[in-house]
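This report refers to the structure that appears directly beneath it.
In our numbering, the protein residues as written are 1392 to 1503.
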């Protein structure tokens, strides 16, 4: 859907385009919009089989999907989060999840 209200908290009001356009270059976005927090949660559903598939085949697909997801976290998600935290000074990114938490601990211990 292209309706941005689907993606923000119910009590969040989108900033007026007029206010943003009239703001001078020296105005900060926070002075125009005021301080705010946006929370986003991403969930993923991975289909690994269909009704009637053999249990062993589903187990193998689950293991493969888990390995692929761990690779995605290590090679794409975590590095992107680190870059964003360095690039945007006033944005704080908090994340959680089994794979990303495990990867962060492992990376810290290995690169201490």
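For each residue, glycine too, the CB sits at the ideal point set by N, CA and C.
Note to self: Just to confirm, is the Cβ distance from residue 1465 to residue 1437 under 8 angstroms?
What the structure shows: Sequence index remark: in the chain shown, residue 1465 carries index 74 (1-based). Sequence index remark: in the chain shown, residue 1437 carries index 46 (1-based). Their beta carbons are not under 8 angstroms apart, which means residue 1465 does not touch residue 1437 by this criterion.
Next item on the list: Give me the Cα-Cα distance between residue 1442 and residue 1460, rounded to the nearest whole angstrom.
Entry: Position 51 of the chain shown, counted from the first residue, corresponds to residue 1442. Position 69 of the chain shown, counted from the first residue, corresponds to residue 1460. Roughly 23 angstroms between the two C-alpha positions.
Check: Which residue's Cα is closest to the Cα of residue 1499: 1483, 1477, 1475 and 1469?
Finding: The residue labelled residue 1499 in the question sits at position 108 within the chain shown. Residue 1469 is the option with its Cα nearest to residue 1499.
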